[in-house]
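Residue numbers (numbering that gives the first Met the number 0), protein chains in the order written: chain A, 0 to 381; chain B, 0 to 476. Note that beta-carbon positions come from the ideal geometry of N, C-alpha and C, so glycine has one too. Notes follow once the structure below has been shown.
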Amino acid sequence: MLKPRTVEELAEMLARPAKHARTIALEGCASKRLMGGPTPQADEYVTTSGLNRVLQYEPHDLTISVEAGLPWRELTALLAKHRQMIPLDPPYGAVATVGGVVAASSSGPRRRLYGTARDVVIGMTFVTLEGKQVRSGGMVVKNVAGLDMGKLMIGSFGTLAAIAVVNFKVVPAPEVERSFLLPFDSLAAAIAARDSILRGVLQPSAIDLLNPAAGAALGNRAWLLAVCCGGNTAAVDRYERELALLGNGVAFDGERHDSLWHYVRELTPTFLSQHQHGAVVRVSCTLKELQSVMEFLPGVALARAGSGVCYGYFERTQDAALWLSSAARRGWKGVLEFSPEEWKQDVEMWPAPGGDIELMHRVKKLFDPENLLNRGRLYRRI
Amino acid sequence: MLPKGARDRFAALLGPGNYLDQPDDLKLYEYDGGVDKHAPDLVVFPRTALDVSHIVKLAREYRLPVVGRGAGTGLSGGAIPREGGLVVAFARMNRILEIDLEDERAVVQPGVVNLDITAAVEGNGYFYAPDPSSQRACTIGGNVSENAGGPHTLAYGVTTNHVLGLELVLPDGAIVETGGKECDLPGYDLTGLLTGSEGTMALVTRVTVRLMRKVELVKTALAIYESGEDAGRTVAEITARAITPVAVEMLDGVMLRMVEEATHAGYPMDASAVLLIELEGLREQVEEQVEQIREACLLCGAREFRVARTAAERDLLWKGRKNAFGAVGRVSPTYYVQDGVVPRTKIAPTLRFIAEVARSSGLTISNIFHAGDGNMHPIILFNPRQAGDLEKARGCGEAILGYCIEAGGSITGEHGVGMEKNELMARQFPPETLEMMSRLKLLFDPEGHLNPGKVLPTGRGCLEIRQQPLTAGTPLL
Ligand SMILES: Cc1cc2nc3c(=O)[nH]c(=O)nc-3n(C[C@H](O)[C@H](O)[C@H](O)COP(=O)(O)OP(=O)(O)OC[C@H]3O[C@@H](n4cnc5c(N)ncnc54)[C@H](O)[C@@H]3O)c2cc1C
Chain A
0 MLKPRTVEEL AEMLARPAKH ARTIALEGCA SKRLMGGPTP QADEYVTTSG
50 LNRVLQYEPH DLTISVEAGL PWRELTALLA KHRQMIPLDP PYGAVATVGG
100 VVAASSSGPR RRLYGTARDV VIGMTFVTLE GKQVRSGGMV VKNVAGLDMG
150 KLMIGSFGTL AAIAVVNFKV VPAPEVERSF LLPFDSLAAA IAARDSILRG
200 VLQPSAIDLL NPAAGAALGN RAWLLAVCCG GNTAAVDRYE RELALLGNGV
250 AFDGERHDSL WHYVRELTPT FLSQHQHGAV VRVSCTLKEL QSVMEFLPGV
300 ALARAGSGVC YGYFERTQDA ALWLSSAARR GWKGVLEFSP EEWKQDVEMW
350 PAPGGDIELM HRVKKLFDPE NLLNRGRLYR RI
Chain B
0 MLPKGARDRF AALLGPGNYL DQPDDLKLYE YDGGVDKHAP DLVVFPRTAL
50 DVSHIVKLAR EYRLPVVGRG AGTGLSGGAI PREGGLVVAF ARMNRILEID
100 LEDERAVVQP GVVNLDITAA VEGNGYFYAP DPSSQRACTI GGNVSENAGG
150 PHTLAYGVTT NHVLGLELVL PDGAIVETGG KECDLPGYDL TGLLTGSEGT
200 MALVTRVTVR LMRKVELVKT ALAIYESGED AGRTVAEITA RAITPVAVEM
250 LDGVMLRMVE EATHAGYPMD ASAVLLIELE GLREQVEEQV EQIREACLLC
300 GAREFRVART AAERDLLWKG RKNAFGAVGR VSPTYYVQDG VVPRTKIAPT
350 LRFIAEVARS SGLTISNIFH AGDGNMHPII LFNPRQAGDL EKARGCGEAI
400 LGYCIEAGGS ITGEHGVGME KNELMARQFP PETLEMMSRL KLLFDPEGHL
450 NPGKVLPTGR GCLEIRQQPL TAGTPLL
């Protein structure tokens with residue numbers, strides 16, 4: 000395992016094997032071995048975990064620049080000291096590195112209000128197989144100088160280049176955060192409540208939907224809307240009053256609020272640790288389609304109901320793959336997001352890519368003509 | 000000059016009324032909102048993506064440069080065919096194809112005017128967030144190409160944060176879709192890569208955008224200062240207090256007087272600067288924030304802090320801001336706007352530097368800009384008939400942008416690089432970065448047909464990064 004300590008070393012450790020057509024596998028701290036396509040058998044293994052410095056942080060500029068191997072929890076802890084945050088809420092947040100979170104475009108509940116990595120990354124340095132350090136963007140929140148190449152790295156699963164440095168814009172943490180768990184006896188009722196929130200003036204940061212199987216662990220076998228709200232006390236009180244009109248809910252503050260969102264954020268890691276053969280599918284859908292997707296998911300299921308992303312949990316990977324192909328026949332756009340490593344070669348992970356897959360292959364070829372880097376990591380299509 | 004026979008082939012392809020080839024007509028397409036000029040050889044008006052596809056195929060046969068054009072409000076020469084050839088004007092692809100409020104999406108053709116999207120949905124309580132000051136004229140296609148911002152970018156993000164899908168025509172005529180109505184589609188974010196590519200990689204023929212729900216309460220305040228630097232310091236103070244306005248715009252004294260004379264927006268004529276600050280959200284939140292902002296402004300030396308009491312008062316304040324360039328036009332025959340960005344804590348020293356540049360050049364430079372995110376717009380007034388003035392103005396612009404780079408910022412926050420700042424790219428980025436951009440551009444446009452001579456240094460400047468075209472006839476993509 001190669002562990003560069005500087006960006007220059009990283010460049011060298013990629014360029015040298017690449018020159019001899021040796022395959023390379025990249026990782027941060029390997030928290031996402033179950034995520035995406037297979038972690039390749041490679042000639043060289045490179046970890047970014049030695050690149051773990053904070054390079055620049057001026058709280059009043061609301062920006063921060065860090066190396067890719069910095070643990071996500073250290074980044075969030077540092078920001079929290081200044082009452083700031085990057086609210087991506089990724090799963091595996093306690094172990095993941097910054098580079099891994101960005102390369103997998105991990106996101107979580109509060110994406111409804113704050114977006115995903117593509118909305119909060121303002122600059123990046125990545126290293127190509129030629130050993131070149133490429134800089135995209137910068138340290139200012141608005142910047143259209145040249146192509147936004149960082150966008151290509153977000154969600155690329157390290158198949159194009161190695162992310163070395165990431166610059167983020169940060170936001171002030173809300174004065175108060177409170178959450179609400181609203182139970183409904185039917186999916187239709189939960190969706191109707193969601194719609195009335197979306198149509199109103201309240202702006203919750205998260206609107207997650209848990210099916211009864213997902214809610215069971217919270218002691219509530221109903222369809223649950225988990226809503227997170229931030230603001231000053233008066234605003235949060237108002238959320239409480241108005242959300243109460245939608246259902247007979249419970250409000251969560253302080254530690255109970257934290258543990259609710261910890262449960263939701265970490266549902267995937269928890270499920271996979273309990274089900275060795277388990278798998279998780281992810282479907283991107285419109286807000287309208289979300290009801291049918293959730294209805295169609297047989298087991299534990301969770302949705303970012305204000306954004307249109309559904310996660311379905313399966314105890315057996317074969318069932319997940321079967322479900323995914325039938326979802327694709329309905330025109331839904333899904334992937335096998337998490338699965339055991341021994342299954343990854345045998346199942347279809349990304350059944351229905353769009354018409355732009357051809358362009359994606361060309362982009363891959365530009366960066367990595369010999370297909371050396373993280374081969375197959377992008378749901379085995381790339 | 001069009002190659003022999005080309006005009007007739009285009010005429011046959013498009014039919015009468017769908018192209019312009021007379022010198023007088025072509026002259027209208029030789030400029031945009033910036034200071035550069037070059038006339039096209041032909042202007043075409045497609046109505047569908049298929050038209051666009053046929054057009055680029057034919058252009059490719061004759062090896063003609065192809066330059067997209069929206070409303071021509073761009074400020075960096077993006078829509079200027081600097082090497083002649085074809086201008087593809089999207090004025091007739093101006094339909095809103097779908098409004099889908101339940102999914103918070105609209106699907107539009109590229110020629111749709113920015114403000115028309117909001118106009119179409121505001122009755123239902125929605126809006127399209129990116130709001131360039133030119134939003135009454137500029138098009139979504141132009142916005143996507145430049146990754147346009149606006150005053151409310153501070154809270155809502157720029158165009159790229161609101162575009163989910165594109166339909167594109169590649170230089171070989173292929174029609175491709177990226178992204179869609181859904182978010183987080185797996186694979187490379189080609190939509191994100193193409194947004195802001197300034198028409199150098201593909202022509203945009205359809206755009207899927209996010210619609211947002213209008214907020215409950217909007218408060219607009221005007222803070223008035225005796226010193227521009229105090230206004231600059233206020234921006235840092237607002238951030239330090241973790242207040243999150245949706246817009247913080249600054250106008251300096253010179254600008255105030257020009258704007259007030261033209262618009263009668265109620266700006267003070269004698270002040271050195273004002274901040275126009277907007278807060279939005281839930282009533283409880285906004286009311287508290289107005290007081291916090293008042294405190295921050297007064298602490299930093301504002302002599303007065305007013306809050307617009309009615310929607311009419313608020314609109315008037317914004318009218319002053321959004322019509323500012325028009326107001327400048329009344330005073331100076333020509334002006335040159337820059338678009339550098341600095342970290343927000345460096346606004347005050349940057350203003351000082353700009354004042355110094357103005358003093359030593361003898362030109363008037365006025366500032367009106369998106370202060371909340373550090374996006375400066377120094378407006379350099381000059382008289383083109385005065386020998387050497389344009390060159391002097393360009394010199395001032397370059398000096399200011401050099402300063403922005405040194406301060407850790409960027410040469411452009413929203414207007415794009417175009418043909419105006421492409422040589423400066425080599426000062427902001429190392430050669431490896433420029434080379435990667437160039438390879439990505441050539442991946443999409445190997446023959447270099449699309450908007451040639453833009454964004455990347457041409458090699459005529461300080462650095463040899465060539466946008467080297469392949470020879471015609473090699474297979475594209
Ligand atoms: C008074 C004034 C105020 C302004 N304020 C702002 C502001 O606040 N924020 C901001 O960001 N900008 C601002 N601008 C700049 C300008 O309005 C924006 O850059 C806008 O996005 C340009 O849109 P347009 O339709 O006029 O595009 P054009 O100027 O016609 O073209 C701009 C670029 O887009 C390309 N292009 C256009 N359509 C297509 C297409 N369909 N496919 C591919 N490429 C295409 C062109 O080739 C060119 O490179 C302002 C300009 C003026 C004059």
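### Query
Is Phe89 (chain B) near ligand 1, in the sense that its beta carbon is under 6 Å from a heavy atom of that ligand?
By one-based count along the second sequence, residue 89 (chain B) stands at place 90. Yes; taking the cut-off as 6 Å, the Cβ of Phe89 (chain B) has a heavy atom of ligand 1 nearer than that.
### Among A:Ala351, A:Leu186, A:Val143, the one whose alpha carbon lies nearest that of Arg329 (chain A)
For the purposes of this step, residue 329 (chain A) is taken as residue 330 along the first sequence, with counting starting at 1. Measuring from the Cα of Arg329 (chain A), the nearest candidate turns out to be A:Ala351.
### Query
From the DSSP output, which residues share a beta bridge with Gln83 (chain A)?
The residue you call residue 83 (chain A) lines up with position 84 of the first sequence. Beta-bridge pairing links Gln83 (chain A) to A:Pro171.
#### Entry: Ala310 (chain B) versus Thr316 (chain A): straight-line alpha-carbon distance, rounded
Residue 310 (chain B) sits at position 311 when you count from the first residue of the second sequence. Residue 316 (chain A) sits at position 317 when you count from the first residue of the first sequence. Taking the straight line from one Cα to the other gives about 58 Å.
### Query
How would you call Asn382 (chain B), buried or exposed, if buried means at least 16 neighbouring beta carbons within 10 angstroms?
Taking the second sequence and counting its residues from 1, the one referred to as residue 382 (chain B) is at position 383. It is exposed - the Cβ of Asn382 (chain B) has fewer than 16 other Cβ atoms within 10 Å.
### Message
Could you tell me which whole alpha helix (DSSP H) segments of length 4 or greater appear in the segment 108 to 138 of chain A?
### Response
110 to 113, 116 to 119
### Task
Quick one: give me the first and last residue of the alpha helix (DSSP H) that Gln273 (chain A) is part of.
Along the first sequence, one-based indexing puts residue 273 (chain A) at 274. Here the alpha helix (DSSP H) through Gln273 (chain A) covers 266 to 273.
### Message
In the DSSP output, which residue or residues are listed as bridge partners for Ser185 (chain A)?
### Response
Here residue 185 (chain A) refers to the residue found at position 186 when the first sequence is read from its first residue. Its beta-bridge partners do not exist; DSSP assigns none.
### Backbone secondary structure at Pro45 (chain B) - three-state DSSP
Along the second sequence, read from residue 1 onward, the residue named residue 45 (chain B) stands at position 46. Pro45 (chain B): coil per DSSP, three-state reduction.
### Message
Please return the same chain residues whose Cβ sits closer than 7 Å to the Cβ of Met254 (chain B), not counting the five positions on each side in sequence.
### Response
By 1-based counting over the second sequence, the position of residue 254 (chain B) is 255. Here the set comprises Ala323, Ser365, Asn366, Ile367.
### Message
Ignoring anything shorter than 4 residues, give me the alpha helix (DSSP H) runs that lie fully in the segment 109 to 142 of chain B, in order along the chain.
### Response
113 to 120
#### Entry: chain A contact for Ala323 (chain B) (CB, 7 Å cutoff)
Along the second sequence, one-based indexing puts residue 323 (chain B) at 324. It does not; no Cβ of chain A falls within 7 Å.
### Query
What's the gap between the Cα of Gly408 (chain B) and the Cα of Leu400 (chain B)?
One-based indexing of the second sequence puts residue 408 (chain B) at position 409. One-based indexing of the second sequence puts residue 400 (chain B) at position 401. Rounded to the nearest angstrom, the two C-alpha atoms are 9 Å apart.
### Message
Any beta carbon of chain B sitting closer than 7 Å to that of Arg134 (chain A)?
### Response
Residue mapping note: residue 134 (chain A) aligns to position 135 of the first sequence, counting from 1. True, the Cβ-Cβ gap to chain B drops below 7 Å.
### Task
Flag Asn166 (chain A) as yes if its beta-carbon sits less than 7 Å from any beta-carbon of chain B, otherwise no.
Numbered from 1 along the first sequence, position 167 holds the residue referred to as residue 166 (chain A). No, Asn166 (chain A) lies away from the interface with chain B (no Cβ there is under 7 Å from its Cβ).
### Query
Cα separation between Ser258 (chain A) and Pro171 (chain A)?
The sequence position of residue 258 (chain A) within the first sequence is 259, counting from 1. The sequence position of residue 171 (chain A) within the first sequence is 172, counting from 1. About 21 Å.
### Query
How is the beta strand (DSSP E) around Ile63 (chain A) delimited, first residue to last?
One-based indexing of the first sequence puts residue 63 (chain A) at position 64. Its beta strand (DSSP E) spans residues 62 to 66.
### Query
What does Asp102 (chain B) reach in chain A if we use C-beta pairs closer than 7 Å?
Here residue 102 (chain B) corresponds to residue number 103 of the second sequence, with the count starting at 1. What Asp102 (chain B) touches in chain A: Thr285, Leu286, Lys287.
### For Asp88 (chain A), the three-state DSSP class (helix, strand or coil)
The residue you call residue 88 (chain A) lines up with position 89 of the first sequence. In this structure, Asp88 (chain A) counts as coil in the three-state DSSP scheme.
### Message
Strictly below 8 Å CB to CB, what residues from chain B border Glu239 (chain A)?
### Response
Walking along the first sequence from the start, residue 239 (chain A) turns up at place 240. Per Cβ cutoff of 8 Å: no residues; Glu239 (chain A) is ~12 Å from chain B at best.
### Message
Let me confirm a value: Gly14 (chain B) is counted as buried when at least 16 other C-beta atoms fall within 10 Å, else exposed. Which label applies?
### Response
The residue labelled residue 14 (chain B) in the question sits at position 15 within the second sequence. Exposed: under 16 other Cβ atoms inside 10 Å.
### Query
Contact between the segment 263 to 275 of chain B and the segment 186 to 202 of chain B: three or more CB pairs below 8 Å?
no
### Cβ-based burial, Pro456 (chain B) [other Cβ within 10 Å; buried from 16]
For the purposes of this step, residue 456 (chain B) is taken as the residue at position 457 of the second sequence. With 16 or more Cβ atoms within 10 Å of its Cβ, Pro456 (chain B) is classed as buried.
#### Entry: Rounded Cβ spacing between Met152 (chain A) and Phe125 (chain A) (contact assumed at less than 8 Å)
The count along the first sequence starts at 1 and reaches residue 152 (chain A) at position 153. The count along the first sequence starts at 1 and reaches residue 125 (chain A) at position 126. Met152 (chain A) to Phe125 (chain A), Cβ: 6 Å. Contact.
### Message
Considering Cα atoms alone, identify which of A:Thr127, A:Asn231, A:Ala304 is closest to Ala191 (chain A).
### Response
What you label residue 191 (chain A) is simply residue 192 of the first sequence in a count that begins at 1. Selected option, being the one with the closest Cα: A:Ala304.
### Message
Looking at the secondary structure, which residues open and close the alpha helix (DSSP H) in which Met152 (chain A) lies?
### Response
Working through the first sequence from its first residue, we reach residue 152 (chain A) at position 153. That run of the alpha helix (DSSP H) goes 149 to 152.
### Query
How about Gly300 (chain B): is its C-beta nearer than 7 Å to some C-beta of chain A?
Taking the second sequence and counting its residues from 1, the one referred to as residue 300 (chain B) is at position 301. No, Gly300 (chain B) lies away from the interface with chain A (no Cβ there is under 7 Å from its Cβ).
### Query
Anyone know if the C-beta pair for Thr285 (chain A) and Gly307 (chain A) falls short of 7 Å?
Along the first sequence, one-based indexing puts residue 285 (chain A) at 286. Along the first sequence, one-based indexing puts residue 307 (chain A) at 308. A contact, by the Cβ cut-off of 7 Å.
#### Entry: Residue range of the unbroken alpha helix (DSSP H) whose run includes Cys227 (chain A)
Working through the first sequence from its first residue, we reach residue 227 (chain A) at position 228. It is not in any alpha helix (DSSP H) - Cys227 (chain A) instead sits in the beta strand (DSSP E) that spans 222 to 230.
### Message
Would you say the beta carbon of Ser133 (chain B) is closer than 6 Å to some non-hydrogen atom of ligand 1?
### Response
Stepping through the second sequence from its first residue, residue 133 (chain B) is reached at position 134. Yes, Cβ of Ser133 (chain B) sits closer than 6 Å to a heavy atom of ligand 1.
### Near-chain C residues of the segment 351 to 364 of chain A (beta-carbon distance less than 9 Å), N- to C-terminal order
Of the protein chains in this structure, namely A and B, none is chain C.
### Query
Checking contacts by CB at 7 Å: is Gly307 (chain A) closer than that to chain B?
Translated into positions along the first sequence, residue 307 (chain A) becomes position 308. Chain B, which has a Cβ nearer than 7 Å to the Cβ of Gly307 (chain A), makes this yes.
### Query
What residues in its chain sit with their C-beta under 6 Å from that of Arg426 (chain B), if we drop five residues either side in the sequence?
As a working note, residue 426 (chain B) is residue 427 in the second sequence. So the qualifying residues of the chain are Ile404.
### Query
Within the 7 Å Cβ cut-off, does Cys207 (chain A) reach chain B?
Position 208 of the first sequence holds residue 207 (chain A). One detail in the question is off: residue 207 (chain A) reads as Asp in this sequence, not Cys. No, no contact with chain B.
### Query
Relative to chain B, which residues along the segment 226 to 260 of chain A have a C-beta separation below 7 Å, given in chain order?
Gly230, Asn231, Ala233, Ala234, Arg237
### Message
Going by C-alpha to C-alpha distance, which of A:Arg380, A:Gly354, A:Leu54 sits closest to Val65 (chain A)?
### Response
On the first sequence, position 66 is the one that residue 65 (chain A) refers to. Minimum Cα distance to Val65 (chain A) is reached at A:Leu54.
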